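For the sequence shown, the residue numbers in the numbering used here are 4 to 120.
The beta-carbon is built from N, C-alpha and C at its ideal position, and this holds for glycine as well.
Note that the structure is a prediction, hence the values are computed from the model and not measured.
Structure record follows, encoded as structure tokens.
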Amino acid sequence: VQLQASGGGLVQAGGSLRLSCVASGSIFSVSALGWYRQSPGKERELVAAITGGGSTHYADSVKGRGTISRDNAKKTVYLEMNSLKPEDTAVYYCAMSYSDYARPNHWGQGTLVTVSS
4 VQLQASGGGL VQAGGSLRLS CVASGSIFSV SALGWYRQSP GKERELVAAI
54 TGGGSTHYAD SVKGRGTISR DNAKKTVYLE MNSLKPEDTA VYYCAMSYSD
104 YARPNHWGQG TLVTVSS
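Next up, the structure:
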């Protein structure tokens with residue numbers, strides 16, 4: 004399984020972006036997917052997750068500002084974020100787990116999001 008994330012870049016505070024992550028392999032439709040992020044000097048943290056059945060979970064820091072979704076036909080998971088803040092600046096990683104709410108089994112390469120104030 005390979006995960007390819009894209010969509011990062013420089014965004015002004017208050018702006019929006021959409022990250023995409025395309026996966027290879029045949030287990031995508033039944034896998035749980037997530038977006039994590041890591042800022043310099045901080046641990047990697049879960050931003051949002053979506054189960055194989057479509058249930059979603061969000062970190063408190065992005066609730067109301069982020070939306071995770073998946074397109075099984077395209078083997079793609081998305082993260083849309085709006086009202087971006089400088090503290091959202093991080094490298095964002097997509098991840099795939101074989102079971103819902105389990106630790107990821109596969110990671111994407113990361114895409115950098117920089118939010119300017």
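Here Val116 is not near Val50, since their CB atoms are 8 Å or more apart. Per DSSP, Ser23 is one residue of the beta strand (DSSP E) stretching across Leu20 to Ala26. C-alpha of Tyr101 to C-alpha of Thr54: approximately 10 Å in a straight line. In the three-state DSSP reduction, Asp74 falls in the strand class (E or B). Contact between the region 98 to 114 and the region 36 to 45 is established, with three or more Cβ pairs separated by less than 8 Å. Beta-bridge partners assigned by DSSP to Ile30: none are found. With a threshold of 16 other beta carbon atoms within 10 Å, Pro107 meets it and is buried. DSSP places Glu46 outside both helix and strand once states are collapsed to three, so it counts as coil.
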